[in-house]
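Each remark here refers to the structure printed beneath this line.
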Ligand SMILES: [Zn+2]
Ligand SMILES: [Zn+2]
C-alpha cells in the first residue's frame, strides 16, 4: 500500500500491461492523479520539446517549432542544443512544483529527481550536469536551490555556475526578457572553468517558459569552453 504524494489517498501499485512494458503509472502517485499529468514523451519540437500542434505544425520547419526559429533568427545560431521537459505545465504539475519549490516538500522533489534521472541516463548520459543557480539573496531567502534538489541521487552540483543579483525576470515583459539573453546574469567560477573544456553540459531547472534563462546560462557556459549545452526541466509551458 502506498500513499499518493498529491492527494494523500492510499493506493496499490498494480501490475498491469503498462508497468510490464515500462510505460508505468507514475510511481508515488495514485492512478487518478497520474492520469492528470500530461507527459510530453518523445514527440514535439526537436529543439525545445514544445508540443507541435495546430499553428505550430503549419509554421514548424524540419521539426523545429516557431519559437526556436525565432531564437535562431535572433541569435544567429541557437546556443541551446536541445531541451527535454517531462510534463506539460498544467494545473497538477503547477501544484506539485509549488509544493517542492516553496514548501521544500522532500518526497515531491525525490519523485521529480527520479523522473529526471531516467531521462538523463537515456539521453544525456555523457553530460556534465549543472543546476540553474539562484542569486545570493534568493538563495538566502529560500534556504535551498530548487534546481539543485532535483539532482538528488544522480548528480552533484559542480558549483561552477553562479548568478548575479538582478531584478526579477518575471517582472519584465517578454521582449525585455529575451533581449537580456545578450546580458546574462550568470558567470562561471574561474577556478572551475577548466571542467568545461570540450564538455557537453546539461542544465537542470524546474520550468522552461520562454527558454531565456537556459539560453542565458548556455551563452556563458559556451563562452567558457563548453562544447554544447542542453537543458532538462520538469515542465514546459
Ligand atoms: Zn492521488
Ligand atoms: Zn522549439
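Residue numbers (the numbering used here): 512 to 748. Here a beta-carbon is modelled for each residue, glycine too, at the ideal position from N, C-alpha and C.
Cα-Cα separation between residue 607 and residue 656, rounded to whole angstroms: Taken atom to atom, the span from the alpha-carbon of residue 607 to that of residue 656 is near 16 Å.
Separation of residue 541 from residue 535, as counted between CA atoms: Residue confidence for residue 535 is low, a pLDDT of 47 falling below 50, so the modelled location carries little weight and cannot support an answer.
Coil, strand or helix - residue 738 by DSSP: Reduced to three states, the DSSP call for residue 738 is coil.
Three CB pairs or more closer than 8 Å across the segment 620-629 and the segment 659-667: A contact exists between the segment 620-629 and the segment 659-667.
Inter-residue Cα distance where the pair is residue 613 and residue 621: Going by C-alpha positions, residue 613 is about 15 Å away from residue 621.
Whole runs of the beta strand (DSSP E) within the segment 586-665, excluding any shorter than 3 residues: Listed in chain order, the complete beta strand (DSSP E) runs (minimum 3 residues) inside the segment 586-665 are 594-599, 639-642.
N-terminal and C-terminal residue of the alpha helix (DSSP H) that residue 544 is part of: According to the DSSP assignment, residue 544 belongs to the alpha helix (DSSP H) that extends over 542-545.
Opposing strand residues paired with residue 673 [DSSP bridges]: For residue 673, the pairing in a beta bridge is given by DSSP as 698.
Residue 561 beta carbon near ligand 2 (any heavy atom closer than 7 Å): The answer is yes for residue 561.
Distance, residue 603 Cα to residue 729 Cα: Here the alpha carbons of residue 603 and residue 729 stand approximately 29 Å from one another.
Proximity of residue 733 and residue 703 at Cβ, strictly below 8 Å: When the beta-carbon positions are compared, residue 733 and residue 703 stay at least 8 Å from each other.
Residue 583 versus residue 589 - alpha carbon distance: Approximately 5 Å, taken between the alpha carbons.
Through-space distance from residue 693 to residue 532, alpha-carbon basis: Only weak support exists for where residue 532 lies, its pLDDT of 48 falling under 50; the value from the coordinates is given anyway. One C-alpha to the other measures close to 45 Å.
Residue 543 Cβ short of 7 Å to ligand 1 heavy atom set: Because some heavy atom of ligand 1 lies under 7 Å away, the Cβ of residue 543 counts as near it: yes.
Selection from 744, 700, 706, 736 that minimises the alpha carbon distance to residue 719: When each option's Cα is compared against that of residue 719, the closest is 744.
The beta strand (DSSP E) enclosing residue 718, as first and last residue numbers: Note, residue 718: beta strand (DSSP E), 711-719.
Residue 758, DSSP secondary structure in three states: What is shown of the chain runs 512 to 748, which leaves residue 758 out entirely.
Residue 722 to residue 644 span [Cα, whole Å]: Per the coordinates, the alpha-carbon of residue 722 lies some 15 Å from the alpha-carbon of residue 644.
Cβ-Cβ separation, residue 619 to residue 611 (assumed contact under 8 Å), whole Å: The C-beta distance from residue 611 to residue 619 rounds to 4 Å, short enough to fall under 8 Å.
Residue from 710, 637, 647, 717 whose Cα sits closest to the Cα of residue 739: Measuring from the Cα of residue 739, the nearest candidate turns out to be 710.
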